[in-house]
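*Asks:*
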């Protein structure tokens, strides 16, 4: 099975809409995984029925036995996250700040702090017109540690193997931190979607550094290239000099956001479709 | 007593159970005496559900079980570092083998041993 | 007053709007600090082009035995919730990238042998952009945990800010712990959104974050003429004031692409920012805009 992850250092470059478009352009069924769990949007474009919905547990949160707590404040002093203030002689846990590190329980003289599983989000399996899709939604203020991303990726691969699907495409998280690592580790190709702005170029460089760090093959597509042909050329030059591939340019079209508003992919705009078809052909060639 | 070997399994079983390719997120560890093929114990891998550091967590379990070697399909970078530093041997087994087959192959020198690097 | 500029979704225009607001206020002779807290992808410097005053390496705490041999009780390994420390034959093995610096192992060590030492994970830059105080944080490539660095730059930039100073924090996208670290301290959260289903979906999450923190919130709708009305309806239903709507303007996109301040290239955009700035100040004074 081949695995592709679509990423962008910077948000809003068109990563998700391109992922959906690629799923439609691929020959044969595709297993899709939305690894952008902090803003899981692929499901808005890939219509279908969720047939599995399960809670996703990660980490622990402190719980105080109110009958035993004397409000001594040792836990408050030990906690580096200001997550367990003593109010009215009782230690109270702020779940938004608690990291479940257990420092409070080490110092508690009454031994009255325990830890319970934290529901960090929800995981879904969906049936779409192009094949199965796995997506997850992280709750507010949760540690986007990568565990849910890893779970989305593993489930996607598992379903693909069960159904003999030989291509998996992942919508990657933005940025270069924790959630990105499990999304990109070991994939066959990283497709970076960027835009012709100094911030786009800046973030792309950091993304390519990350690909080098993990020794991954990478390809770059410039979206909305006609907003600045000069910057597009600079980006393509930089990509080539670094030994990465360029896989086409996609023009800006005001019809794209309007299509997205109707929950359609950019493929409904003819010029954009032509460009994306070329990009997809280049990607397939790189995979072979 | 021979060398103590931990073999990854997806779920509790015996030497006829298929190995789990993953180390850090393996289901259970079967602890076996390599010489006598006697099953010493079965340890649940508590790191399966860890948000962070499943590999190092599982390595800690190995250290606690005093094993000399581990057989798994693959080892993540953190697990590799941890087991290296703990001086525990790592053997790569191809997918589809039972625990017993993997053990026999290891004893016969037919599995690849991962090199332990000094950190 | 501290304003965090946040959005559930990336690419809505957070940096465009926060740098523009900071520039406008600074040019109007107000005391202003701009803080780029999007430490994974900091971009504010591209537009504000600050003169760097100081670059400081940022460290987090990690445990160490400092070469001592311990009795290997294993308490440190047992207490660590992040599997970041192994106790092995009288020494410890610390996995730097997994460590949260919580100090639990130090507290748990029965011999009191564990100490803490610093480990560098990124850089905090302090600069000046024509009278505007500038701070930014940059995470080292390959590092995984960005939240401590974000808390670090927020603290560095706000510790000496008096009440009259306007601090504009350009927060990272999303609503996970790293975004929280940039929003927690704010008096007012400005949500930058767009009228697409993506924008609407992620706005719901951002609204929940603001609500969970109990912060006063306001919104600005970027590219307001492209998309539907779902975002507006959502904001109205939640009684979040919309301080400005900024229509799509190719001149702004081109100006931004070239790292210029779009206020200089588009008078419509500039007047939207003026309106937004006034709205924010009236909200701060408790007057409804």
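Chains as they are written, first to last, in this note's numbering: chain A, 36 to 323; chain B, 255 to 373; chain C, 17 to 305.
Backbone N, C-alpha and C fix where the C-beta goes; we use that ideal spot for every residue, glycine too.
Values in this document were obtained by computation on a predicted structure and should not be read as measured data.
Taking 8 angstroms as the threshold (beta carbon to beta carbon), is residue 25(C) in contact with chain A?
*Replies:* Within the third chain, the letter at position 9 stands for residue 25(C). Yes - at least one Cβ of chain A is within 8 angstroms of the one on residue 25(C).
*Asks:* Hey, how far is the Cα of residue 21(C) from the Cα of residue 94(A)?
*Replies:* Locating residue 21(C) in the third chain gives position 5, counting from the first residue. Locating residue 94(A) in the first chain gives position 59, counting from the first residue. So the two alpha carbons sit approximately 29 angstroms from each other.
*Asks:* Between the C-alpha atoms of residue 290(C) and residue 49(C), what's the straight-line distance to the nearest angstrom?
*Replies:* Translated into positions along the third chain, residue 290(C) becomes position 274. Translated into positions along the third chain, residue 49(C) becomes position 33. The straight-line gap from Cα to Cα measures roughly 18 angstroms.
*Asks:* Run through DSSP, which three-state label would residue 93(C) get?
*Replies:* Within the third chain, numbered from 1, the residue matching residue 93(C) stands at position 77. DSSP places residue 93(C) in helix when its eight states are reduced to three.
*Asks:* For residue 352(B) and residue 270(B), which I take to be in contact (beta-carbon distance under 8 angstroms), what is that distance rounded to the nearest angstrom?
*Replies:* On the second chain, residue 352(B) is found 98 positions in, with the first residue counted as 1. On the second chain, residue 270(B) is found 16 positions in, with the first residue counted as 1. Right, the Cβ-Cβ distance comes to about 5 angstroms (below 8 angstroms), so this counts as a contact.
*Asks:* Is the Cβ of residue 280(B) closer than 8 angstroms to any Cβ of chain C?
*Replies:* As a working mapping, residue 280(B) is identified with position 26 in the second chain. Chain C, which has no Cβ nearer than 8 angstroms to the Cβ of residue 280(B), makes this no.
*Asks:* Consult DSSP for residue 129(A) and reduce its assignment to one of helix, strand or coil.
*Replies:* Taking the first chain and counting its residues from 1, one reaches residue 129(A) at position 94. DSSP places residue 129(A) in coil when its eight states are reduced to three.
*Asks:* In chain B, what lies closer than 8 angstroms to residue 92(A) by C-beta?
*Replies:* Position 57 of the first chain, counted from the start, is the residue given in the question as residue 92(A). Under the 8 angstroms cutoff, chain B gives 303.
*Asks:* Does any residue of chain C have a CB that is nearer than 8 angstroms to the CB of residue 59(A)?
*Replies:* Within the first chain, residue 59(A) is the residue found at index 24, counting from 1. It does not; no Cβ of chain C falls within 8 angstroms.
*Asks:* Quick one: complete alpha helix (DSSP H) runs, 4+ long, within the stretch 78–134 of chain A?
*Replies:* The qualifying runs are 109–113.
*Asks:* For residue 102(C), decide whether its Cβ has a neighbour in chain B, counting only Cβ atoms nearer than 8 angstroms.
*Replies:* Taking the first residue of the third chain as position 1, residue 102(C) is located at position 86. Judged by the 8 angstroms Cβ criterion, residue 102(C) is in contact with chain B.
*Asks:* Go through the stretch 318–363 of chain B residue by residue and report every complete run of the beta strand (DSSP E) that reaches 3 residues or more, in order.
*Replies:* 323–326, 343–346
*Asks:* Taking Cβ to Cβ, would you say residue 226(C) is nearer than 8 angstroms to residue 205(C)?
*Replies:* The sequence position of residue 226(C) within the third chain is 210, counting from 1. The sequence position of residue 205(C) within the third chain is 189, counting from 1. A contact, by the Cβ cut-off of 8 angstroms.
*Asks:* Are any of the Cβ atoms in chain B nearer than 8 angstroms to that of residue 251(A)?
*Replies:* For this step, residue 251(A) is matched to residue 216 along the first chain. Chain B contact via Cβ: absent.
*Asks:* Closest Cβ-Cβ distance between residue 252(C) and chain A: below 8 angstroms?
*Replies:* The count along the third chain starts at 1 and reaches residue 252(C) at position 236. Chain A, which has no Cβ nearer than 8 angstroms to the Cβ of residue 252(C), makes this no.
*Asks:* I want to verify the contact list: residues of chain B whose CB lies under 8 angstroms from the CB of residue 93(C), in sequence order.
*Replies:* On the third chain, position 77 is the one that residue 93(C) refers to. Within chain B, the residues near residue 93(C) are 314.
*Asks:* In chain order, what residues of the stretch 191–221 of chain A put their CB closer than 9 angstroms to some CB of chain C?
*Replies:* 208, 209, 210, 211, 212, 213, 214, 215, 216
*Asks:* Going by alpha carbons, who is nearest to residue 103(A) out of 171(A), 126(A), 231(A)?
*Replies:* Position 68 of the first chain holds residue 103(A). The option with the nearest alpha carbon to residue 103(A) is 126(A).
*Asks:* Taking the runs of the alpha helix (DSSP H) that are 4 residues or longer, which of them lie wholly in the stretch 178–208 of chain C?
*Replies:* 193–199
*Asks:* Counting along the chain, where does the alpha helix (DSSP H) carrying residue 277(C) start and finish?
*Replies:* Position 261 of the third chain, counted from the start, is the residue given in the question as residue 277(C). From DSSP, residue 277(C) is part of no alpha helix (DSSP H); its letter is neither H nor E.
*Asks:* Leaving aside the five residues before and after residue 282(A) along the sequence, list all residues of the same chain whose C-beta is less than 6 angstroms from its C-beta, in chain order.
*Replies:* Along the first chain, one-based indexing puts residue 282(A) at 247. Shown here for residue 282(A): same chain residues with a beta carbon closer than 6 angstroms to its own, the five before and five after excluded, namely 254, 256, 314, 317, 318 in chain order.
*Asks:* Using the beta-carbon of each residue, which ones in chain B are nearer than 7 angstroms to residue 109(C)?
*Replies:* For the purposes of this step, residue 109(C) is taken as residue 93 along the third chain, with counting starting at 1. Chain B residues near residue 109(C): 336, 339.
*Asks:* Please state the DSSP three-state secondary structure of residue 183(A).
*Replies:* Residue mapping note: residue 183(A) aligns to position 148 of the first chain, counting from 1. Reduced to three states, the DSSP call for residue 183(A) is helix.
*Asks:* When you compare only the Cα positions, how much space is there between residue 138(A) and residue 266(B)?
*Replies:* Residue mapping note: residue 138(A) aligns to position 103 of the first chain, counting from 1. Residue mapping note: residue 266(B) aligns to position 12 of the second chain, counting from 1. Answer to the nearest angstrom: the Cα atoms are 33 angstroms apart.
*Asks:* Mind listing the chain C neighbours of residue 307(A)? Cutoff is C-beta to C-beta under 9 angstroms, in chain order.
*Replies:* Here residue 307(A) refers to the residue found at position 272 of the first chain. Residues of chain C passing the Cβ test: none, with the nearest at roughly 15 angstroms.
*Asks:* Could you tell me whether the stretch 113–131 of chain C touches the stretch 85–100 of chain C, where touching means 3 or more Cβ pairs closer than 8 angstroms?
*Replies:* yes
*Asks:* So, helix, strand or coil for residue 217(A), using DSSP?
*Replies:* The count along the first chain starts at 1 and reaches residue 217(A) at position 182. Helix.
*Asks:* What three-state label does DSSP hand residue 276(A) in the structure shown?
*Replies:* Residue mapping note: residue 276(A) aligns to position 241 of the first chain, counting from 1. DSSP places residue 276(A) in helix when its eight states are reduced to three.
*Asks:* When you compare only the Cα positions, how much space is there between residue 77(C) and residue 240(C)?
*Replies:* Numbered from its first residue, the third chain carries residue 77(C) at position 61. Numbered from its first residue, the third chain carries residue 240(C) at position 224. Going by the C-alpha atoms only, they are around 45 angstroms apart.
*Asks:* At a CB distance below 7 angstroms, what residues from the stretch 127–142 of chain A approach chain C? Give them in sequence order.
*Replies:* Here the close residues are 131, 134, 135, 136, 137, 138, 141, 142.
*Asks:* Going straight from the alpha carbon of residue 307(A) to that of residue 235(A), what length do you get?
*Replies:* Along the first chain, read from residue 1 onward, the residue named residue 307(A) stands at position 272. Along the first chain, read from residue 1 onward, the residue named residue 235(A) stands at position 200. Whole-angstrom Cα-Cα distance: 20 angstroms.
*Asks:* When you compare the CB positions of residue 228(C) and residue 259(C), do they come within less than 8 angstroms of one another, or not?
*Replies:* Walking along the third chain from the start, residue 228(C) turns up at place 212. Walking along the third chain from the start, residue 259(C) turns up at place 243. Cβ atoms of residue 228(C) and residue 259(C): not closer than 8 angstroms.
*Asks:* Taking 6 angstroms as the limit between beta carbons, can you name the residues of its chain near residue 293(B), skipping five residues before and five after?
*Replies:* Mapped onto the second chain, residue 293(B) falls at position 39. Hits under 6 angstroms: 286.
*Asks:* Under a three-way DSSP split, which group does residue 299(C) fall into?
*Replies:* Counting from one through the third chain, the residue named residue 299(C) turns up at place 283. Residue state, collapsed to three classes: helix.
*Asks:* Which first and last residues belong to the beta strand (DSSP E) in which residue 162(A) is found?
*Replies:* The residue labelled residue 162(A) in the question sits at position 127 within the first chain. Note, residue 162(A): beta strand (DSSP E), 148–163.
*Asks:* Report buried or exposed for residue 304(C), applying the criterion of at least 16 other Cβ atoms within 10 angstroms of its Cβ.
*Replies:* Sequence index remark: in the third chain, residue 304(C) carries index 288 (1-based). Residue placement at residue 304(C) is flagged as unreliable, the pLDDT there being 46, under the threshold of 50; the coordinate-derived value follows with that caveat. In this structure residue 304(C) is exposed. Its beta-carbon is surrounded by fewer than 16 other beta-carbon atoms within 10 angstroms.
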